[in-house]
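First comes the structure, then the notes that go with it.
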Amino acid sequence: MKTWRIKSIGLIFFVNFVWSLWAEHIIFVHTNDSHGYFYPRKEKDKEIYGPLALYAHLAAIRIEAAQKKAFVILTHGGDINTGTPESDLVYAKPDIEIMNHLGFTVTTLGNHEFDIPRRELERQMEQSYFRWLAANIEKKNGERLAAPVLLLELGRIRLGILGLITQSTEKISVPQNIRDLIFEDPVRIARYYTEELRKKADMVVVLSHLGFYPAEKEQQLKYKGDIAIAKNVRGIDLILGGHSHSLVINENIEGVPIYQADSYYRYAVRVDFEVNPGEKPRLLSHRVLSLAEFPVEWAKIKELDPYRTEYRRLEEIIQNALKTSEKLFSRVIAQSEDDFLHDRTTLFHQSVPIGNLIADAQRQFTQADIGIVNSGGIRAGLDKGPILLREVYTICPFRNTVGTIELKGSEIRELFRLLLMRKENGHFPQISGAEVHFNRDNHTVRVYLRKDGTYVPIKSNQVYKVSLNSYLAAGGNDYPDIVTKSRFHDTGMKDSEILQKFLEQRGVVRSQDFAEKRIRFFRLRRP
C-alpha cells in the first residue's frame, strides 16, 4: 500500500511537471465603465487615484509576469465615454491616450460609446493602440463597425476573446448615432462565435458590456446579461463584464467564472489562469485591486526607469488634459442681462426664471408639448454678464439624459396633482409649454397647453408628449408611477448639453423673459 502511495504521488508530480512545462500563465487585469474619470479625485473621505494607481499595479504585475514568463492581458468592459465634463467636452481624447499609455489590449464597445457622433467614435477607434470588439453589432449594409473577436497567440497557446454589447443600446442611445446599426441577440451571437473560436483557441473569454443581474432583475429589464450568456452558451472559460457598475468577484455560473470591476476607475480585478493546449484552462487565483491605493511594491519600483519616466508621462497627460478642459470651461457661450437667482426657498415652491429657462430648453429640444424639470436637479443660477461654459455644468451637474414620455391628458393632470400635493423639497416641477392651476383646498388640477400664444385646456383622452430627464424616469425624487422608465424614450443628450445649445442659440437671455408664474395656486372661494 505504501509503495502504491509513493508511486501515486510520483505520478501526480510528473503530471503537474508536464502540465507546467507546456502550460502558459495568463494574468488578466480588467476594468470597466471608466466614464471619463481619468483624473484623481476625492470620493467622500477617500482619494481615488484611478489610472495612476492602475499604472503602479500594472508595473508590479508586469515585473512579476516577466519573472514567471507569464502574459498580461489588460481588458476594458466598455463605456469609456460619458460621465465627466473634462472628458466629454473633448470626446474622451485623454481617456484614449491614457489607455494607450497603460497598454490596454482590448475593449468591448459600451452603450455610451454611442452618445457621441459616429465620426468621433471612429476617431477614437483609429487612435487606439488596443482593439475594439463588438460581435453583436452589424451595419445594415452588412459591414462591421468593430471586429467580433480577437485571437492572440501567447507562447504555446491561443487565446480567443469575444466582445458583446447590451442589446438595450438600440433603445437608450442617441437615435442618429445608431440608425444604421443592428444590435443582435448576444446569446445567439455568442453561441456562434464561441463555437468558431473553439476550433482555434485553447481558451475563450467573453468581454461583455451586458451587465451582471440576478435572473429576476434580468427578466424585468428584458435584456440578456452575463448570467444568460453563462447559462446558455457552452465553451466559455471566463466572462469579464461591465455595464451594471457591479463589483463581481468569481460568480460561478454553470462553471463559468464572472468578474466585473465596479466603475469609474475605483477598482481593477486581477484573474490568473493556467492554460495548457487541449486542456480546460485552470483558474489559479483572483484579486481585487483598489485604485485608491498603490501596491507596496511601488515604493521601490517608482525609483526605477522606465517606470519612473513612464509614470511622470502619465501624470503629464492627465495634467495637460485638465488644463485643456479648464480653458474650455472658461469659454463664453452667451450673455445674461440680469441675474437668474437660485433661491431654494422659492425654487422648491414656485415657478422661477432659471427653472422656466431649463424647462424651455428641454421641451424645445425634444419637441414635446410640455416640459418638466425637478427643482432639486437645478443647482445654481446665472449671474449677470458673460455666461461661461463652466456655469452650465454647475447648474446641471448630474449629467442626466433627457427624453420624452407620452401621457394622456388625464394622466398629466394626475401627475401634477400628486406632485403639488407633496411637501418634500426638490420634487417641485418647473415646467414649460403649459400653465397649471392647483387648488390647495380640494387638490383639483387644471392644465392649460400653450398654443399659438394662448392657453387651451388639455383633453383627457388626448395623448401629449412630455419631456423629462432620465433620473425622474427611473423613479428619482420618488416621482409617481405614472412616469416609468418603460415608457421613457431617451434622446441620450445630457441636460447640460441641451442647456448649452439653448443659450448659444439665443445669445442673450433676460430673466424677465422667463418670469411668468406657470404654476398657479388657488383656494376655494369662501362665502
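Residues 246 to 772 (my numbering) make up the sequence shown, in order. In this text, a Cβ means the ideal position worked out from N, Cα and C, and glycines have one as well. Keep in mind the model is a prediction, meaning the values are calculated, not measured.
Candidates the options, of which the one nearest residue i by Cα
| i | options | result |
| --- | --- | --- |
| R376 | C641, D360 and L319 | L319 |
| Q750 | Q580, L586 and Q421 | Q580 |
| M344 | L559, K467, T699 and R576 | L559 |
| P631 | A604, S575 and Q675 | S575 |
| I427 | I406, Y468, L466 and I382 | I382 |
| D583 | V516, I325, A760 and A305 | A760 |
| K313 | R732, S489 and A268 | A268 |
| D758 | A446, V351, G600 and P642 | G600 |
| F283 | I546, T276, M738 and P296 | P296 |
| F643 | T329, T276 and V701 | T329 |
Cβ of residue i within 9 Å of any chain B Cβ
| i | result |
| --- | --- |
| R624 | Given the protein chain composition of this structure (a single chain), no chain B is represented. |
For residue i, the three-state DSSP class (helix, strand or coil)
| i | result |
| --- | --- |
| N521 | coil |
| W249 | Because W249 sits at a pLDDT of 38, beneath the cut-off of 50, its placement in the model cannot be relied upon, and the point is left open. |
| E761 | coil |
| Y374 | coil |
| V488 | Just to set this straight, residue 488 is His in the shown sequence, not Val. Looking at H488 - three-state DSSP - the assignment turns out to be coil, as it is neither helix nor strand. |
| F767 | strand |
| E499 | coil |
| R286 | strand |
| R403 | strand |
| G255 | Only weak support is given to the placement of G255: the predicted model assigns it a pLDDT of 39, under 50, and the question is left unresolved by the model. |
| R755 | coil |
| A392 | strand |
| Q505 | strand |
| G654 | helix |
| V597 | coil |
| F262 | Legend: pLDDT at F262 = 42, less than 50; position of this residue unreliable, value from coordinates given subsequently. Of the three classes helix, strand and coil, the one that applies to F262 here is helix, per DSSP. |
| Q745 | helix |
| K572 | helix |
| S705 | coil |
| K444 | coil |
| Q750 | helix |
| A268 | coil |
Rounded Cβ spacing between residue i and residue j (contact assumed at less than 8 Å)
| i | j | result |
| --- | --- | --- |
| T649 | T611 | 5 Å |
| T591 | V597 | 6 Å |
| F518 | F593 | Not quite, the Cβ-Cβ distance comes to about 55 Å (not below 8 Å), so this is no contact. |
| S756 | F585 | 5 Å |
| T327 | L452 | Not really, about 19 Å apart at Cβ, beyond 8 Å. |
| I498 | A513 | Going by Cβ atoms, the distance from I498 to A513 rounds to 22 Å, so no, they are not a contact pair. |
Residue i and residue j closer than 9 Å at C-beta
| i | j | result |
| --- | --- | --- |
| G486 | Q464 | no |
| Y724 | L717 | yes |
| L347 | L303 | yes |
| Y552 | L536 | no |
| V520 | I271 | yes |
| D735 | I410 | no |
| A604 | I676 | yes |
| L528 | N565 | no |
| I399 | F316 | For clarity, residue 399 is Leu in the given sequence; the question names Ile instead. Going by C-beta atoms, L399 is nearer than 9 Å to F316. |
| Y468 | Y300 | no |
| V711 | E651 | yes |
| V432 | V478 | yes |
| V647 | D588 | no |
| G622 | N687 | no |
Three-pair Cβ contact test at 8 Å for the region 351-370 versus the region 294-309: no
Sufficient close CB pairs (3 or more, under 8 Å) joining the region 331-345 to the region 568-576: yes
Touching by the beta-carbon criterion (3+ pairs, under 8 Å), the region 374-394 and the region 433-447: yes
Touch test, the region 611-621 against the region 644-661, Cβ-Cβ under 8 Å, three pairs minimum: yes
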